[in-house]
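Shown next, in structure tokens, is the structure this report addresses.
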Amino acid sequence: RGIIRVDVSLDGGKTWEAAELQKAPQPDHSMWSWTLWHLDVPHVGGEAQVLVKAVDASGNVQPRHAGDVWNVRGLNNNSWHKAKVSQR
């Protein structure tokens, strides 16, 4: 199922903003490809943690934690992506 929306949070997941997809939503046959996105965010000053989650064409949302889908082989870890950013 292709990605139809990417949501971004700068406040630990309290609020989310939809990012702009850089191309049309993915057709089902390209569901394993990257989905590029873009979002202009306000200057937050200092450090912030960016959370990102994707939604597919069936409305499935990535799980919050890797532990929610943990398995001994480490497969299917598609939890929210987290990154710390620093603005100057």
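Position 3 of the sequence shown, counting from 1, maps to 168 under our numbering, and the rest follow consecutively. Note that CB positions come from ideal geometry on N, CA and C, so glycine has one too. Here the structure is a predicted model, which means the values were calculated and not measured.
Query raised in the report: So, is A183 buried or exposed, given that buried needs 16 or more other C-beta atoms within 10 angstroms?
Result: Mapped onto the sequence shown, residue 183 falls at position 18. The residue is exposed, with fewer than 16 neighbouring Cβ atoms inside 10 Å.
Requested in this report: Specify, as a first and last residue, the run of the beta strand (DSSP E) that Q214 falls within.
Outcome: Within the sequence shown, residue 214 is the residue found at index 49, counting from 1. For Q214, the enclosing beta strand (DSSP E) starts and ends at G211 to D221.
Query raised in the report: Among residues of its own chain, excluding the 5 on either side of V159, which ones have a beta-carbon nearer than 7 angstroms to its beta-carbon?
Result: Because the chain here runs from 166 to 253, residue 159 falls outside it and cannot be looked at.
**Report entry** Burial state of A248, where buried means 16 or more other Cβ atoms lie within 10 Å
**Finding:** The count along the sequence shown starts at 1 and reaches residue 248 at position 83. Answer is exposed; the Cβ neighbour count stays below 16.
Report task. Let me know the secondary structure DSSP gives D233 once reduced to three states. Result -> Mapped onto the sequence shown, residue 233 falls at position 68. Residue state for D233 is assigned as helix, using DSSP reduced to three classes.
Query raised in the report: Helix, strand or coil: which one does DSSP assign to V206?
Result: Within the sequence shown, residue 206 is the residue found at index 41, counting from 1. Residue state, collapsed to three classes: coil.
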